[in-house]
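All remarks here apply to the structure that follows.
Protein chains: 2
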Amino acid sequence: MRKEHFDQISCAVEALKEKETVNAVYFVACGGSQAVLMAGQYIFDKETNVPSHVYTANEFVYDTPASLNEHSLVISCSHSGNTPETVEATRMAREKGAMTIALSNAEGSELWNAAEYPVHYDWGKEVSDSDKNKGILYGLLFSLLMVLQPKEKWDVCLKELEKLTELSLMAKEQYREQSLRWAKENKREKIIYTIGSGINYGEVYSTAMCWFMEMQWIHSGCIHSGDYFHGPFEVTDYDVPFLLVKSIGNTRFLDQRVENFSTKFSNKMLILDQQDLPLEGVAEEAKPYLAAILSGVVIREFVEAIAFERGHSLDVRRYMWQMKY
Amino acid sequence: MRKEHFDQISCAVEALKEKETVNAVYFVACGGSQAVLMAGQYIFDKETNVPSHVYTANEFVYDTPASLNEHSLVISCSHSGNTPETVEATRMAREKGAMTIALSNAEGSELWNAAEYPVHYDWGKEVSDSDKNKGILYGLLFSLLMVLQPKEKWDVCLKELEKLTELSLMAKEQYREQSLRWAKENKREKIIYTIGSGINYGEVYSTAMCWFMEMQWIHSGCIHSGDYFHGPFEVTDYDVPFLLVKSIGNTRFLDQRVENFSTKFSNKMLILDQQDLPLEGVAEEAKPYLAAILSGVVIREFVEAIAFERGHSLDVRRYMWQMKY
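Line by line, the protein sequences give chains A and R. Residues 113 to 437, numbered by this note's numbering, are exactly what the first sequence covers, in order. Residues 113 to 437, numbered by this note's numbering, are exactly what the second sequence covers, in order.
In structure tokens:
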């Protein structure tokens, strides 16, 4: 992690130490950024007694939770730093006295200025993965957790993030051939569902909403592995495609159950098992977190492959950024 | 509300009064039952300082939140009372010392026995809507809130629930013609998305997962109105159907924004505006709650109509209840 990013995170951590109490942590953003933050809520929920919640930013603004006050911590994220709803949410939270941390790729943006503790992340090729959005988010989370729920593992996890660049390259290489094959076999599909659980739910949410719907105009819906059997599974059929992220965390049983059932009835299951990821050299306690990030890297390979097969660039938009809405 | 139900709720309320503190409220269930409970989490989140969360039951079991303890309140729901994951979750919570309330249509079922405070609800025709699952849930919620966050409005809201039967009939009558027309126009559709926000999110979740996917094998995905513009909206096109529940609550602006945009590009928007519901005689503070319930009643009309047009009975299942999974 670059020193600049580390310093920005440290700033926020020092401020957190000053807070007598934290009554709640609110993760607030839109679309893909909201999805990225979902992992944060997951970790706080399973590892601390600090209540944590995720909101799409405009609901946070228009229907603000009763507990938001000067004891709250609000973490937001916007790549451009200009997402209006997220900027508004951060301003509103800061006005209410909450401690505001915002992640963005754009220093000096509206969000950057709205938050008390802005934290930058890099983007593009030739940058370290531990300096990209998820690397920085997890770095921030582990650092905050060292204050809120001190455990040795946070220090270990923070260090392990530095392996991300290398592991990402390995994972991409590992899945390249399969992704090209899958893309050829699924390029005519009109709908592809995503399924996942636990810390990976954010990833399958953004795969459905952003990768498929936004960037490919492929219909999609995301399904929680636990709820699959209580409704959604009835659409399963030989020709219905699903993308399942199979966790190595506590909810693996839920994902395994989905795999056991769905593979009997659908010929179009893409199962991305985190156990297959190149995590051998990673400390045990850090594996679920690195796996969550690497699953996103792997999914991107598949999406890039299908975009190529379909002649539909990931950059194409017909509405987003094209008009006011 | 029948005296039996009222007494069961009172039992739970009295027990709650004995609790020194409530550190969290967990709403735990599967599928449609989980969707019903989502409104509970919404209300607690906007009206109290008691942290509240929703879980699909199996994730609650396998990846239990750190804060679950003897100060917690766990509210679960299963129509049959036999949903294994929900029964397991309730047992586990009770073992941990949490106060467990469970809603079910089946007295003496596994869930009924697992919970410390079981509460029954009626089902079928010829029963009062205030005694059905949502009427009982809201009755329970308002009663618990009178203890946790006393406000005059809970008493008012509790009384207004008694108008549900009459208002449900009126709403069904009001929408019958439109539902039959919509069903004819949409019976060939392979996918119908659902969109909503605020207290209605649970309703659009269950419309997608249960009404469309489970009971009609129509592909679907539910989208939060706030997040629509951050990905999903890119699939909007003249022939893409959406069902939008337009709130009368604080998030109406979010839903209005969806309507303004989507109606420009899709010819297949079904917009169910809660402002059109027969709520004139209802007390102001109770309107958002009754509206949430009535939207579900209205949606059911549309689903029954399309089921008839498609020759696909709402009772048909190919997997659910047909095999082990």
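All C-beta atoms, glycine included, are put in the ideal place defined by N, C-alpha and C. Quick caveat, the model's predicted, so the values are computed rather than measured.
Q: Please go through the segment 347-425 of chain A and give each complete beta strand (DSSP E) segment of 3 or more residues, from N-terminal end onward.
A: 354-358 and 381-385
Q | Proximity below 8 Å, CB of Gly193/R to CB of Leu223/R | A | yes
Q.
Just list the residues that DSSP pairs Cys189/A with in beta bridges.
A. Ala141/A and Leu215/A
Q.
the ligand ZN and Val268/A: does any heavy atom of the ligand fall closer than 7 Å to the residue's C-beta?
A. Absence of the ligand ZN from the depicted structure is noted, as is the absence of any ligand whatsoever, leaving it without description.
**Q.** Glu197/A and Asn170/A closer than 8 Å at C-beta
**A.** yes
Q: For Pro230/R, name the three-state secondary structure that DSSP assigns.
A: Looking at Pro230/R - three-state DSSP - the assignment turns out to be strand.
Q. Would a C-beta distance cut-off of 8 Å place Thr363/A and Ser309/A closer than the cut-off?
A. yes
Q) Cβ atoms of Leu391/A and Lys380/A: under 8 Å apart, would you say? A) no
Q: Classify Ile335/R as helix, strand or coil using the three-state DSSP reduction.
A: strand
Q) What whole-angstrom Cβ distance do Asp241/R and Met113/R have, given they're in contact under 8 Å? A) Rounded, the Cβ-Cβ distance is 10 Å, inconsistent with contact.
Q) What in chain R is Cβ-close to Tyr437/A, meaning under 8 Å? A) By Cβ distance, chain R contributes Phe341, Phe345, Arg369, Asn372 and Phe373.
Q. To the nearest angstrom, how far is it from the Cα of Tyr431/R to the Cα of Gln387/A?
A. 29 Å
(Q) In the DSSP output, what is Gly308/A paired with across the bridge? (A) His336/A, per the DSSP bridge assignment.
Q | Pair within 8 Å by beta-carbon distance, Val83/A and Leu384/A | A | The first residue shown for chain A is 113 and the last is 437, placing residue 83/A beyond what the model contains.
Q | Alpha carbon of Leu275/R to alpha carbon of Ile304/R, nearest angstrom | A | The sequence shown places Lys at residue 275/R, rather than the Leu named in the question. The straight-line gap from Cα to Cα measures roughly 31 Å.
Q.
Let me check understanding here. Comparing Cα to Cα, which of Leu260/A, Glu297/A and Cys142/A lies closest to Phe420/A?
A. The shortest C-alpha separation from Phe420/A is found at Glu297/A.
Q) If you draw a straight line from the alpha carbon of Glu397/R to that of Val268/R, how long is it in whole angstroms? A) 8 Å
Q. Can you name the start and end residues of the beta strand (DSSP E) that Tyr167/A belongs to?
A. Ser164 to Thr168
Q) Would a check of beta-carbon distances place Thr160/A closer than 8 Å to chain B? A) The chain inventory of the structure shown lacks chain B, comprising the protein chains A and R.
Q | Beta-carbon gap between Val370/A and Leu356/A smaller than 8 Å | A | yes
Q: Starting from Ala124/A, trace the alpha helix (DSSP H) both ways and give me its first and last residue.
A: Lys115 to Glu130
Q. Is the beta carbon of Asp339/A less than 8 Å from the beta carbon of Gly143/R?
A. yes
Q: Output the distance between the C-alpha atoms of Ala456/A and Leu256/A, rounded to the nearest integer angstrom.
A: Shown here, chain A extends from 113 to 437; a query on residue 456/A therefore has no answer.
(Q) Within 10 Å of its beta-carbon, does Leu281/A have 16 or more other beta-carbons around it, so buried, or fewer, so exposed? (A) exposed
Q: Find out if the Cβ-Cβ distance for the pair Glu132/A, Tyr287/A is shorter than 8 Å.
A: No.
Q. Does the distance from the C-beta atom of Ser122/A to that of His191/A stay below 8 Å?
A. no
Q. What is the C-beta distance between Ile405/R and Lys246/R, in whole angstroms, given that I count them as a contact (C-beta under 8 Å)?
A. 5 Å
Q: Would you check if the distance between the CB atom of Gln120/R and the CB atom of Phe139/R is smaller than 8 Å?
A: Against a cut-off of 8 Å, the Cβ pair of Phe139/R and Gln120/R comes out as no contact.
Q.
I'd like to confirm the pairing. Which residues does DSSP put opposite Ser184/A in its beta bridges?
A. Ala136/A
(Q) Using 8 Å for Cβ pairs, my map puts Ser332/A next to Thr306/A. What's the rounded Cβ distance? (A) 6 Å
**Q.** Ile330/R in three-state terms, based on DSSP
**A.** coil
Q.
At the level of alpha carbons, what is the spacing between Glu228/R and Val186/R?
A. 10 Å
Q.
List, in chain order, every chain R residue whose beta-carbon is nearer than 9 Å to that of Asn245/A.
A. Near Asn245/A there are no residues of chain R at all, since even the closest Cβ is about 15 Å away, more than 9 Å.
Q: Check whether the Cβ of Thr363/A lies closer than 8 Å to any Cβ atom in chain R.
A: yes
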